[in-house]
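Reading the sequence shown from the start, the letters are residues 1 to 177 in the UniProt record's numbering.
For reference, the structure discussed in these notes is given below.
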Amino acid sequence: MNFVALDFETASHQRHSACSVALTIVKNSRIVDHYYTLIKPETEFSWRNIQVHGIHPEDVRYAPRFDRVWEDIKPCFKENKLIVAHNVPFDRGVLQGTLDYYHIEQPHFQTLCTVQSSRKLITGIPNHKLNTVSAHLGIQLENHHHALDDSNASAEILLYLENHFGTDLLKKLVKHV
């Protein structure tokens, strides 16, 4: 499979408040590259979000704004590219909200959610949170809610599902944006 696993962390509940992003690039069912950066959001940080991911306003003081980051990551969102995330609606919503905020044209791509995929294919676990699924599958997740660790875990989950259930079943779960 070829896909890009995506993960955002946000400064607040606002969808355009991305404060970090990570991409894990998979080609021929192998992780071949990574991208990670902090982002300086144009919104205030919420204490609740800081509590979740540990990113503080001073951490992003000199980070690029999203419109600059988009220039680096835009090639990963080419037409019909498969974008994977653990809870796709959240990460897709952050991408769309941030692109709208900067008046950047929305890309069109395919998505596959590893939460939904794992719910359909993995039974016998108490929930399908990223850390629970990762632990169940023996996938290392060192720092949950660090965007790069989360995107890597999402990629590993999909690679596990591909290896154990095949691509035909997974293709049925792909959605077009």
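Backbone N, C-alpha and C define an ideal beta-carbon position, used for all residues, glycine too.
Based on the DSSP output, what are the partners of residue i in its beta bridges?
{"i": "S20", "result": "E9, L38"}
{"i": "D33", "result": "I25"}
{"i": "F3", "result": "V26"}
{"i": "L112", "result": "V84"}
Given a cut-off of 9 Å on the beta-carbon distance, is the pair residue i and residue j in contact?
{"i": "D91", "j": "D7", "result": "yes"}
{"i": "K20", "j": "H53", "result": "In the sequence under discussion, the amino acid at residue 20 is Ser, which differs from the Lys named in the question. Against a cut-off of 9 Å, the Cβ pair of H53 and S20 comes out as a contact."}
{"i": "Q110", "j": "L82", "result": "yes"}
{"i": "I31", "j": "H86", "result": "no"}
{"i": "L137", "j": "F165", "result": "no"}
Near residue i, what residues of its chain come up, given a Cβ to Cβ distance below 6 Å and the 5 sequence neighbours on each side ignored?
{"i": "F45", "result": "A11, P57"}
{"i": "C113", "result": "V88"}
Please name the residue, chosen from the options, that lies closest to residue i on a Cα-to-Cα basis.
{"i": "N2", "options": "E156, I25, T37, P64", "result": "I25"}
{"i": "A22", "options": "L161, A153, D168, K172", "result": "A153"}
{"i": "R61", "options": "T37, I83, H164", "result": "T37"}
{"i": "Q51", "options": "E9, S118, D150, G97", "result": "E9"}
{"i": "Q14", "options": "L82, I157, G166, V94", "result": "V94"}
{"i": "K78", "options": "H108, A63, Q96", "result": "H108"}
{"i": "A18", "options": "N80, C76, D100", "result": "D100"}
{"i": "I104", "options": "N131, K74, P126", "result": "K74"}
{"i": "E34", "options": "D168, L148, Y102", "result": "The residue asked about is misnamed: residue 34 is His in this sequence, not Glu. Checking every option, the nearest Cα to that of H34 belongs to L148."}
For residue i, which residues in the same chain have their Cβ closer than 7 Å to its Cβ, ignoring the five residues on either side in sequence?
{"i": "V69", "result": "V21, T37, I39"}
Between which residues of its own chain and residue i is the CB-CB distance below 8 Å, once the five residues before and five after are set aside?
{"i": "Q96", "result": "R15, Q106"}
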